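Participant: Okay, handing you the structure first.
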Amino acid sequence: MSYRLMKGNDALAEAAVRAGCRFFGGYPITPQSEILEYLSSRLPEVGGTFLQAESELSGINMVYGAAAAGFRAMTSSSGPGFSLLQEGISYIASAELPAVIVDVQRYGSGLGDIFQAQSDYHQATRGGGHGDYRMLVFAPSSVQESVDLMGLAFDKAEQYRNPCLILSDASIAQMMEPVKLPEMQEVDPDKPWAAKGKNGGDFKRITSTMYYIEDFDGYIKAKFDSMAAAEQRWENVEVEDADIVLVAYGISSRICKEAVAIARSRGIRLGLLRPITLWPFPTNAFKEVNSEVKAYLTVELSALPKLEDDVKIACEMKTPVKHFLGGANIPESSAIVEEAVSILNSREEVSWLKN
Amino acid sequence: MSYRLMKGNDALAEAAVRAGCRFFGGYPITPQSEILEYLSSRLPEVGGTFLQAESELSGINMVYGAAAAGFRAMTSSSGPGFSLLQEGISYIASAELPAVIVDVQRYGSGLGDIFQAQSDYHQATRGGGHGDYRMLVFAPSSVQESVDLMGLAFDKAEQYRNPCLILSDASIAQMMEPVKLPEMQEVDPDKPWAAKGKNGGDFKRITSTMYYIEDFDGYIKAKFDSMAAAEQRWENVEVEDADIVLVAYGISSRICKEAVAIARSRGIRLGLLRPITLWPFPTNAFKEVNSEVKAYLTVELSALPKLEDDVKIACEMKTPVKHFLGGANIPESSAIVEEAVSILNSREEVSWLKN
Amino acid sequence: MTKASKKRLHMVQHHERCKGCGFCILECPKEALSVSDDVNRKGYPLVKLDEEKCIVCAICHTVCPDYVFERREVA
Amino acid sequence: MTKASKKRLHMVQHHERCKGCGFCILECPKEALSVSDDVNRKGYPLVKLDEEKCIVCAICHTVCPDYVFERREVA
Amino acid sequence: MAQKLIPELLVEDNKFCPGCGHGIVNRVLAEVLEELGLADKAVGSLAVGCGCLMMDTFGTDWVQAPHGRAAAVAVGVKRVRPECCVFTYQGDGDSLAIGFSETMYAAIRNENITAIIVNNGIFGMTGGQMAPTSLPGQRTTTSPKGRDAALTGQPLNIINQMKNLPVGYLARGSVDTAKEINKVKKYIRTGIETQMKGGGYSMIEILSPCPTNWKMTLQNSLDHIRSTVRATYPLGEFVKDGERTDA
Amino acid sequence: MAQKLIPELLVEDNKFCPGCGHGIVNRVLAEVLEELGLADKAVGSLAVGCGCLMMDTFGTDWVQAPHGRAAAVAVGVKRVRPECCVFTYQGDGDSLAIGFSETMYAAIRNENITAIIVNNGIFGMTGGQMAPTSLPGQRTTTSPKGRDAALTGQPLNIINQMKNLPVGYLARGSVDTAKEINKVKKYIRTGIETQMKGGGYSMIEILSPCPTNWKMTLQNSLDHIRSTVRATYPLGEFVKDGERTDA
Amino acid sequence: MLSVTCAGFGGQGVLTAGLLLANVSMVYGKKITWVPSYGSEMRGGTASCHLRIGDSEILNPFFSSIDTLIAMNEESVDSFQEKVVTGGVIIANSTLVKNKTFRDDIRVAEVAATAISAELDNPRGANIVMLGAAIGATGLFPVEDFADGIDAYFGKKGRNNPLNRECFMRGAQAALDL
Amino acid sequence: MLSVTCAGFGGQGVLTAGLLLANVSMVYGKKITWVPSYGSEMRGGTASCHLRIGDSEILNPFFSSIDTLIAMNEESVDSFQEKVVTGGVIIANSTLVKNKTFRDDIRVAEVAATAISAELDNPRGANIVMLGAAIGATGLFPVEDFADGIDAYFGKKGRNNPLNRECFMRGAQAALDL
Ligand SMILES: Cc1ncc(C[n+]2csc(CCOP(=O)(O)OP(=O)(O)O)c2C)c(N)n1
Ligand SMILES: Cc1ncc(C[n+]2csc(CCOP(=O)(O)OP(=O)(O)O)c2C)c(N)n1
Ligand code: SF4
Ligand code: SF4
Ligand code: SF4
Ligand code: SF4
Ligand code: SF4
Ligand code: SF4
Ligand SMILES: [Mg+2]
Ligand SMILES: [Mg+2]
């Protein structure tokens, strides 16, 4: 199979179709509108339905309906629109339905701006919605990975009957790279649990499963604990001997990869731990890091540090955790290297390791 | 001043009026509807405006408008409705406007149920909305504290020009206790920044301040860092010599207080660290805990543990952190004592302290 | 409506479902229904049907919100 | 419209604002406007006004989306 | 004269208050679905409101929609399963307050679904707050002195909002008498038939008593509907087979 | 014959595309506010859409509303500051798609605000996706083969939705000719006057070209409005002083 | 500290009885918490509220051991009898609670509250009769003081009704008579 | 690895030029990234895109040092000249870029792309002329191979136009002539 040059958004959309997605309901917002535009012509070609909803609220609830009926369904949005999806996501999670949601992150709270950012980390990983649920969160760092993780997201959503999130960002979404696309998958929508008329059987109640499960608290905790154990994904780059390990996902991980290359060429032992799943956070990845590591340095395009908490807990706070924040600005890989060097040279210890 | 017997919701509403709140826009949802019901007759008495909005979205945006115009304004909701407020909250935060939001937590994701829970902790403390902001989050544990924190919330909202959240729950909201109410406060809405017509001056732009602040990333981080440093609030109960310190807020902290009393009467050295602000999380409170403490035990009415991360970081993971979850069930104080005893007796060490 | 047809069909009551709202009594064209002194398990007073007056029109079936009445063939 | 009144008032153009949409040219009742060869700083071709033809009706002011035209008193 | 049995779709006793109109609508809807042979093909999108209580008692496939979004959920189901009979069951607060946009957009797009909207002029489930349909002067827990239309608006007439749109079927009934209940049944039947023949969006609004929150006896509630509510919300069929009637 | 100067409220050059109708509406609105002496008392609730670009160029007090919520934000302002002249400035996508409910509810409650709705039949700012107002057959980036009304609905006529409500003033204008632009000015003036005398909700919808996303020259855009768009969206005043006109 | 549960049908005024108890206790300087039960009260079924009354700050408003149970109907006895502490008190509305076997490690005051209130022509006052019985049986407050408190409570609301005091006193009497 | 920036007015086809470069590079086995600039392109102003072309995985798609700058107008030279590395290349569209002083540590290929494309009766082909000049000046690919790549690209889209190849070749020629 040959490469195709594709925009992140288009590739994501095509990958969804090939993963068997047959319903999309959503609302335009930059920088994700290409997903709608692409699917508006592509889904009908495969007998699927594309519907531009009158709002994000309507879109996510159409997805809820289509998913309840057994079909692979998806919506996508960004920033303000992602906030509007939260109630619907919480319902889908509570009904234990599969569905895929895409958040193409953009910068800022409120209206913000349309360029890349990674500020929705907490919202994505800790349930921006109310109650007790988590989503599997996949963070692609390239157009190819957008494709690969989209397929995985649909499969995992169905396996766990839980919504999955693709957390992309404006840069991955708008850039073009060569990609290889997977084969078209046909997925049977006639799940035993699907709402499609009872056809002589028992009637099905697609609603919060809490009403019907005894010790629901225990059940739901076990469900998410098992996902947390089984679904951690990451890529480690030269962490075995690193003095400083960068921690970064998505677009910033690529800047970090360059930083590692630059550093190594200068004899500086820099490594990178790249979470591919953000929830569950890949704590297991930290076991591969050499135990003499001097510090972790999180790198994210966010005005407030967000990865830091997860890294602190993952490394059990035995190692200092510093942050390097790109907010509105894309950091230069060389600046990251400099920061790492200055951490290495600094005598200053992190407070919690002092006492 | 004498005591009045009041429901949590009514007391919260009256306290808002006395704190100068003159606009409420919101939508009914159990268990917070009494706030609307109370204000529907009370606000007009003081010349304020009560408006039952057609939806939570409309309500939060009316609040945005009234706050932009300089008035103390509030909305309240619960669970699903709180999720719907997230976009609006993010806008209010980005415009750096004061406003107070109330989330009377109820159980469950999706539709859930109307009884008490503490599952919205992450949503409340980490910004359920998109982008880079935090809210000051106050967690009352009694009707009186609902009153006291409401006044504080309005003052702090104005001081920092940032939305503040009162995180209540069905039990605090529905129970009655005697309260003392503060005096009525009159607040001048004619702030220099308020949108009220430019009246010969420069025109005012109430929008994300990021468009007009240089190094906005640095600015906003400094703002929230300063809030985090200055606004931690907590109550510590017998932590000076405790072997086990419970960490709990709101309604569960009261169960824990009873557990502490029971334990102490049995000679077991149990203590309680009660966060009053959830963001900022009162890390400083941990300095008052004796350094020989054997473990922290978080107690929350949630199916998934949420406080745990903040406690781990606050205690720098030097002490094991265990959780005790009440989900749909209210735990008995004696069960908490038993759990504490079993932790004390257990030989098993927490993994991160083993290696 | 003849006695004959009344023989073939009659109204059956599921008293345990009744919530005592009185809609059936209000709407019965023949005043065949009335409140009795007995209560059902839920504590609601039973609706008494006077077979003599009843013309089996099933209006009570139509208005009852709680599925108390059925028109059935006499067994 | 007399030459006299034209003397008192005339159309002033803020060429730097023009985006070359052509609405003024389309709507000018006297064909007094046309595209010139010059461009403004933004790179848009300037609109040339033929004072002779112009009756100072300000229709160009009305239609211009970019506030190019004003009718002002002759200085 | 035939038997009149309780429909099998009513798998459990309903959980509504004494005298609540929802129970009547439930029975009628169940009868229609059974009579049309659609019980096995029906999927309901259930609103949040007292209608919620049907989840366990009314034996069709259900999807519990978030408050106000029943129409969007139904659209999601119907678009992927056009062979199903897809309906919403909603209160007036759900469909006309928070869900106004979703309700209207289903009609605007002429989605091939049937909306059942039970208008009791109040938020029943949450304890009697004002609804967009509450009448001027009506006392509710959020309009304790009676609804002031100057501040909160006139009652919302959803049929007026929809009847200019190219939809399939619109009707308004009431459950205040046996005669009107029979008409409601006819309306629901026609609405569902419209859907099943691909005739586009159908909506049946049903005036219904909420004795609990109206704080009235059932008798007074019924009188109130007949004497007052119907004046604001006239009954009848307003659009049939995509054509406006004279009603 | 008087001078015709550029209003002082236009503090900076606008940022719209060449030939965009927003610029015309901006000038007209600024003129009306100045002529009525309201420039100092005006507060605008600004939608998300190309109108956003006015935040720095149009010198009234502004509140940047979330997409679709401009009416709710305006209501919040007006209810606490009834002495201000409060208006929304919105696109058709903002006011009629995501914000349909907020827009309609401001009218349903007859809120004393003025809504300016610029209908260019498309989502301009986000690059030309279909709007609820797009015409059947119209090619947009999300209806690449032309809008299929059977699947996505007929164009939404907001005046039809509002004209049965007890509102103060409703009109639809167009900026496609000088004459119509002058009418637009009159409509906006009447709408704002209605508000300032407490006459209730006023809404002025304005047909406007988006040459960029229509992918047409300005001339073709204007021709298109005159020959086609206006047929779906007739111009005129529909409600005046709370009374329906014959339009 | 006393833990009191008050339970009955939705319409029997159990929440009000609890409220009265809470209010008068507060006026007499007690610390109190009052917690309603949830559930679909609106649609019938059993309602209940749960009070703690003490001299110092009430820590936990929830409790699983009941000191005093005010049971307006049979269901309430069924639901809550097991939770009453040994030596605790049940005030049972004997008009509706019939043929119940009570545990023998608790004190039971059977008061025909519904009958008494009917007799006094104050049919909605059964809850106050029960309250009287509770005060009488537990001795929480002097009966007269508490009766004054009730009068003051209704007086402040402008809903004074001498029948309420009578109901209360009859209940107290019935309990004392036992 | 080569870092290329392609910039000009919104309507000059700079994104397409970048796309072509990316596509043909991909077909010839290169790894590439193509990143558009943001901003209000829709409303005029300068557009740009940024490519990295290499033989192994492209790590960071962003860069601040430009190896080759394709500048379709003066603004692009103003914006990006400073970022060109010493020894780097600027392809300047001399029809529009006039009287500019260029840094003397870089190679500048001035090509009258707009004029050439006009001359060839392919006014929308100025971007392809520039691309030809870029390939010619940098030697990234053999000129003929790249021209074939362009033909294949447009061919696949069913938009083959022999004038494109001519534009390309004229651009390449102009650069080689320098
Ligand atoms: C997002 C959200 N907001 C509010 C609620 C609370 N709520 C539940 S039902 C309801 C109103 C019900 O009224 P209606 O739809 O008229 O139904 P009824 O009970 O009267 O039949 C409300 C406001 C909710 N569950 N979710
Ligand atoms: C919640 C949310 N959803 C979507 C968007 C993206 N968005 C911005 S403007 C717009 C549409 C603008 O169209 P319209 O209102 O017609 O204004 P125009 O630009 O055409 O004048 C959209 C969908 C957003 N900013 N916020
Ligand atoms: S069947 Fe008719 S007559 Fe008989 S009880 Fe019912 S309503 Fe009355
Ligand atoms: S209508 Fe039904 S529920 Fe009501 S009283 Fe009659 S039988 Fe009972
Ligand atoms: S003022 Fe009238 S005549 Fe003169 S240029 Fe303008 S439009 Fe033409
Ligand atoms: S209408 Fe204005 S912007 Fe357009 S061409 Fe004329 S002067 Fe220029
Ligand atoms: S509250 Fe009203 S609508 Fe709800 S079940 Fe009771 S009577 Fe029916
Ligand atoms: S995109 Fe359309 S609406 Fe937006 S500024 Fe350009 S022409 Fe105007
Ligand atoms: Mg209702
Ligand atoms: Mg538009």
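Residue numbers (UniProt numbering), protein chains in the order written: chain H, 1 to 355; chain S, 1 to 355; chain E, 1 to 75; chain D, 1 to 75; chain A, 1 to 247; chain W, 1 to 247; chain B, 1 to 178; chain P, 1 to 178. Note that beta-carbon positions come from the ideal geometry of N, C-alpha and C, so glycine has one too. Keep in mind it's a predicted model, so treat the numbers as computed, not measured.
For the alpha helix (DSSP H) containing HIS61/E, name the first residue and the last one.
Facilitator: 59-63
Participant: Are the C-beta atoms of GLN185/S and some chain H residue less than 8 Å apart?
Facilitator: no
Participant: In the DSSP assignment, find the beta strand (DSSP E) that holds VAL85/P and state where it starts and stops.
Facilitator: Per DSSP, VAL85/P belongs to the beta strand (DSSP E) from 84-93.
Participant: Quick one: what's got a C-beta closer than 8 Å to GLU41/P's C-beta in the same chain, skipping five residues either side?
Facilitator: In this predicted model, GLU41/P has a pLDDT of only 38, less than 50, meaning its place in the structure is not dependable; the value taken from the coordinates is given anyway. Hits under 8 Å: GLY10, ALA47.
Participant: Spatial neighbours of LEU181/S within its chain, please: CB distance less than 8 Å, with the 5 preceding and 5 following residues excluded, ordered by chain position.
Facilitator: Hits under 8 Å: MET1, ARG4, ALA11, GLU14, ALA15, ARG18, VAL147.
Participant: Which whole-angstrom value is the C-beta distance of SER101/W and ALA70/W, which I expect to be below 8 Å?
Facilitator: With 8 Å as the limit, SER101/W and ALA70/W do not qualify as a contact, their Cβ atoms being about 12 Å apart.
Participant: What are the boundary residues of the alpha helix (DSSP H) that ALA314/S is part of?
Facilitator: 307-314
Participant: List the endpoints of the continuous alpha helix (DSSP H) containing TRP34/P.
Facilitator: Taken as a continuous stretch (DSSP letters only), TRP34/P belongs to no alpha helix (DSSP H), being part of the beta strand (DSSP E) at 31-36.
Participant: Consider the Cβ of ARG27/W: report whether some Cβ of chain C lies at a distance smaller than 8 Å.
Facilitator: Within the model displayed, chain C is absent; protein chains H, S, E, D, A, W, B and P are what it includes.
Participant: Along the chain, where does the beta strand (DSSP E) that runs through THR88/A open and close?
Facilitator: For THR88/A, the uninterrupted beta strand (DSSP E) run begins and ends at 85-91, by DSSP.
Participant: Could you give the distance in angstroms between the alpha-carbon of PHE50/H and the alpha-carbon of GLY25/H?
Facilitator: 6 Å
Participant: Taking the alpha carbon of TYR91/S as the point to measure from, which residue in GLY79/H, MET74/H, GLU238/H, SER346/H has its own alpha carbon closest?
Facilitator: GLY79/H
Participant: Would you check whether ligand 6 has a heavy atom nearer than 7 Å to the C-beta of GLY63/D?
Facilitator: One point to set straight first is that residue 63/D is Val, not Gly, in the sequence displayed. Distance from the C-beta of VAL63/D to the nearest heavy atom of ligand 6 is below 7 Å.
Participant: Can you list, in chain order, the residues of the stretch 145-167 of chain A whose Cβ is nearer than 9 Å to any Cβ on chain W?
Facilitator: ALA149, ALA150, LEU151, THR152, GLY153, GLN154, LEU156, ASN157, ASN160, GLN161, ASN164, LEU165, PRO166
Participant: Give me the DSSP bridge partner(s) of GLU243/A.
Facilitator: LYS240/A
Participant: Measure from the C-beta of THR232/W to each C-beta in chain S and report whether the shortest distance is under 8 Å.
Facilitator: no
Participant: By how many angstroms is the C-alpha of SER79/B removed from the C-alpha of GLY13/B?
Facilitator: 18 Å
Participant: Can you list the residues of chain W that GLU52/D reaches, using a CB-CB cut of under 8 Å?
Facilitator: Those do not exist, as GLU52/D stays about 18 Å from chain W at its closest Cβ, beyond 8 Å.
Participant: Which full runs of the alpha helix (DSSP H) of 4+ residues lie inside the stretch 89-148 of chain P, going along the chain?
Facilitator: Counting only runs of 4 or more, we get 113-119, 126-138.
Participant: Taking C-beta pairs closer than 8 Å, name the residues in chain A that HIS61/E reaches, listed in chain order.
Facilitator: Scanning chain A for C-beta atoms nearer than 8 Å to the C-beta of HIS61/E yields LYS4, reported in chain order.
Participant: Give me the chain A residues within the contact set of SER101/W, using Cβ-Cβ distance strictly less than 7 Å, ordered along the chain.
Facilitator: Simply PHE100, SER101.
Participant: Between ALA7/B, GLY8/B, PRO61/B, ASN93/B, which lies nearest to PRO178/S when the distance is taken from Cα to Cα?
Facilitator: PRO61/B
Participant: The stretch 174-204 of chain S: which residues have C-beta closer than 7 Å to a C-beta of chain B, in chain order?
Facilitator: GLN174, MET175, MET176, GLU177, PRO178
Participant: At least one CB of chain H closer than 8 Å to the CB of ARG126/S: is that the case?
Facilitator: yes
Participant: Enumerate in chain order the residues of its own chain whose CB-to-CB distance from residue 412/S is below 7 Å, with the five nearest sequence positions on each side excluded.
Facilitator: Lying before the first or after the last residue shown, residue 412/S is absent from chain S, which here runs from 1 to 355.
Participant: Hey, out of VAL237/S, VAL102/S, SER119/S, ALA99/S, whose CA is closest to GLY108/S's CA?
Facilitator: SER119/S
Participant: Quick check: the stretch 60-70 of chain D against the stretch 17-36 of chain W, are there 3 or more CB pairs under 8 Å?
Facilitator: yes
Participant: Where does HIS14/D sit, in a helix, a strand or coil, going by DSSP?
Facilitator: coil
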